[in-house]
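In UniProt numbering, the protein residues as written are 1 to 392.
What follows is the structure, encoded as structure tokens:
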């Protein structure tokens, strides 16, 4: 009996971090704020894709344009073929103006020899964009009257915008994915990072940490908090990414799934390493504070790092993006983007991941020492310089 009790006592500290991690996870799952935030984010993702689809498909009723001739109807047909959401309403010449006033049409289109085309509207906000359609139709008409082949006149008059590398859909995929990765990383890192810091300083402020430290090894407290919040952050990110891919499959951009889905896996892997690197530092920032209000001071360096990664994901291009894709934390956003654009392959991704893992080990080692030094200091805020000197 004695041996069994002794064995249980020795094993308890080893499993203590699991207890702390479970507590962190359960407190999140039982929080209404967590579910409201998660479900709201998923709903916003779905709504964003729905709005994008509606806008790109020219959602809504077509703009009705009253015409009194075959030429006017031909112009409307030209505009519709060019993607305009318009519809021709044929009326008598003397009813054109009245049809607009009565609301039967939003605008009228007429042609007068020597004066050209005229669009009449009741409300300037309802003015349809017919410039390109009128120009194309009239050039063809004038060419025919002059006995010139209209097709030869219009040949090579269109302008196509294309990225230097890859096709248009690929460039769109890179922009959309990098933008989404930047936002996801920033929101998750700040939300869960601040939660770790607040949890630590709240326990300090209430003196509960003294009881916990007497029963549980300090390292187990730290590991439990980091593991619990990292798993919750990872789970939420995976859920949002999956929801985004599902929403994407129902949108006009469904062809991008084949490009984005494989890279999303790399992002999740880099996110796990990047967040774990920051998690211990967030805990250290919490241990440096004595009150929740002090976190605005102690978390400034971490908030700046996350913000710079977000900005880099949006703006960094070319050589800068290539360099940042190997920089720990920044690689969480930059390397998946380069993989998607084809600028980097899996060997480069593995190298960047190895660098991030090495940094994670250093960050955990350093964060743990700040956490240990500051956890029991409740009389004043530990300055960053002081934390460095003590950690050394």
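Cβ coordinates follow ideal geometry from the N, Cα and C atoms, glycine included.
Beta-carbon contacts of residue i that lie in its chain and below 8 Å, excluding the five residues immediately before and after
{"i": "residue 238", "result": "268"}
{"i": "residue 126", "result": "63, 106, 107"}
Nearest candidate by alpha-carbon position, reference residue i, set the options
{"i": "residue 338", "options": "142, 173, 25", "result": "173"}
{"i": "residue 303", "options": "223, 79, 186", "result": "186"}
{"i": "residue 350", "options": "359, 293, 266, 283", "result": "266"}
{"i": "residue 381", "options": "111, 144, 287", "result": "287"}
{"i": "residue 251", "options": "21, 48, 16, 17", "result": "48"}
{"i": "residue 336", "options": "214, 182, 285", "result": "182"}
{"i": "residue 257", "options": "209, 340, 374", "result": "340"}
{"i": "residue 368", "options": "140, 222, 24, 112", "result": "222"}
{"i": "residue 178", "options": "241, 128, 132", "result": "241"}
Helix, strand or coil at residue i [DSSP, three-state]
{"i": "residue 374", "result": "helix"}
{"i": "residue 310", "result": "helix"}
{"i": "residue 381", "result": "coil"}
{"i": "residue 89", "result": "strand"}
{"i": "residue 329", "result": "coil"}
{"i": "residue 109", "result": "strand"}
{"i": "residue 283", "result": "helix"}
{"i": "residue 122", "result": "coil"}
{"i": "residue 146", "result": "coil"}
{"i": "residue 299", "result": "coil"}
{"i": "residue 66", "result": "strand"}
{"i": "residue 82", "result": "coil"}
{"i": "residue 12", "result": "Here the model assigns residue 12 a pLDDT of 47, short of 50, so the residue's position is not dependable and the matter cannot be decided."}
{"i": "residue 116", "result": "strand"}
{"i": "residue 289", "result": "coil"}
{"i": "residue 5", "result": "Summary for residue 5: the model assigns pLDDT 44, below 50, so the residue's position carries little reliability; its value from the coordinates is reported in the next sentence. Helix."}
{"i": "residue 347", "result": "helix"}
{"i": "residue 128", "result": "coil"}
{"i": "residue 23", "result": "helix"}
{"i": "residue 254", "result": "helix"}
{"i": "residue 101", "result": "helix"}
{"i": "residue 182", "result": "helix"}
Contact set for residue i: own chain, Cβ-Cβ below 7 Å, skip 5 residues either direction
{"i": "residue 289", "result": "201, 295, 298, 381"}
{"i": "residue 34", "result": "28"}
{"i": "residue 211", "result": "none"}
{"i": "residue 3", "result": "Reliability fails at residue 3, whose pLDDT of 43 lies under 50, so the model's placement of it is uncertain and the value that follows must be treated cautiously. Answer for residue 3: no residue qualifies."}
{"i": "residue 364", "result": "280"}
{"i": "residue 80", "result": "86"}
Same chain only: Cβ atoms within 6 Å of residue i, ignoring 5 sequence neighbours per side
{"i": "residue 274", "result": "329, 332"}
{"i": "residue 216", "result": "16"}
{"i": "residue 110", "result": "118"}
{"i": "residue 372", "result": "218"}
Check your understanding: Any contact of the segment 204 to 217 with the segment 342 to 362, i.e. 3+ C-beta pairs under 8 Å?
Key -> Counting C-beta pairs closer than 8 Å gives fewer than three between the segment 204 to 217 and the segment 342 to 362, which falls short of the contact rule.
Check your understanding: With a cut-off of 8 Å, do at least 3 Cβ pairs link the segment 294 to 313 to the segment 227 to 237?
Key -> Flag = no, the segment 294 to 313 and the segment 227 to 237 do not touch.
Practice item. Answer yes if the segment 72 to 88 comes into contact with the segment 134 to 144, meaning at least three C-beta pairs across the two stretches below 8 Å, and no otherwise. Key: Contact holds: three or more Cβ-Cβ distances are below 8 Å.
Review point. Looking at C-beta atoms only, is the number of pairs between the segment 186 to 199 and the segment 302 to 316 that lie closer than 8 Å three or more?
Key: Yes, since at least three Cβ pairs between the segment 186 to 199 and the segment 302 to 316 fall closer than 8 Å, the two stretches touch.
Point to revise | the segment 316 to 329 touching the segment 239 to 255, judged by at least three CB pairs closer than 8 Å | key: Counting Cβ pairs under 8 Å, fewer than three are found: no touch.
Practice item. Scan the segment 198 to 230 and note each continuous alpha helix (DSSP H) run of 4 residues or more that stays entirely inside, going in chain order. Key: The segment 198 to 230 contains, as complete alpha helix (DSSP H) runs of 4+ residues, the segments 208 to 215 (chain order).
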